[in-house]
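Data first, discussion second: the structure below is written as structure tokens.
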Amino acid sequence: MKIKEIQDEIVEEFSMFDDWMQRYEYIIELGKSLPLIDEKYKTEDNIIKGCQSKVWVHGEQNDDKIVFTADSDAILTKGIIAILIRTFSNQKAADILDANTDFIDKIGLKEHLSPTRANGLVSMIKQIKMYALAFSAKN
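So the sequence shown is numbered by full-length UniProt numbering: it starts at 1 and just counts up by one.
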């Protein structure tokens, strides 16, 4: 699936919930299905700076696509990074760099996060885009 299709699917999933408590619960559920990062990548280099909780993200190139794994020590943050991993993993670097992230606004995520969590979300997206930039520079 293309990034935009995945984003539209996520927006549709979130529109099924009536209130934010249900959405938070759904985000937490998504976190439970996160493809976990290998323990050897839980290093200082892979921690997202600017996050209230610890979030590790690792990306590696698999043919012409980038595969991301991640983890967090907080259940809500784990769900947030799971949404991003679902969106951007197994995509080409150029597509990740070109992708916009307005789907996050469409599901209302930023406005329902504390300011520090919202900053962390921006930092997670930046980190994913930095991986894409690094891999596209190599090719």
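Where a beta carbon is used, it is the ideal one built from N, C-alpha and C, also for glycine.
Self-check item: F103 (DSSP reduced to helix, strand or coil)
Solution: If DSSP states are grouped into helix, strand and coil, F103 belongs with the helices.
Self-check item: Same chain, Cβ closer than 6 Å to D63, five either side skipped, listed in chain order
Solution: none
Exercise. Reducing DSSP to helix, strand and coil, say where I47 ends up.
Key: strand
Quiz item: Can we say the region 4-19 touches the region 43-55, given the rule of at least three CB pairs closer than 8 Å?
Solution: no
Self-check item: Contact check, residue 148 vs D38, beta carbons under 8 Å
Solution: For the chain, the structure presents residues 1 to 139; residue 148 sits outside this window and is missing.
Quiz item: Would you call the region 14-29 and the region 117-136 touching, i.e. three or more CB-CB distances under 8 Å?
Solution: no
Exercise. Check whether the region 28-37 touches the region 109-118, counting contact only when three or more Cβ pairs, one atom from each stretch, lie closer than 8 Å.
Key: no
Quiz item: Who are the Cβ neighbours of G50 in its own chain at under 8 Å, not counting the five residues just before and after it?
Solution: For G50, the CB contacts under 8 Å within the same chain, skipping 5 residues up- and downstream, are N119, G120, V122 and S123 in chain order.
Quiz item: Under the criterion of a Cβ to heavy atom distance below 7 Å, does I85 qualify as lining the ligand COA?
Solution: Absence of the ligand COA from the depicted structure is noted, as is the absence of any ligand whatsoever, leaving it without description.
Quiz item: If you draw a straight line from the alpha carbon of Y26 to that of M16, how long is it in whole angstroms?
Solution: 11 Å
Practice problem: Identify the continuous alpha helix (DSSP H) that holds S136 and give its terminal residues. | Solution: P115 to K138
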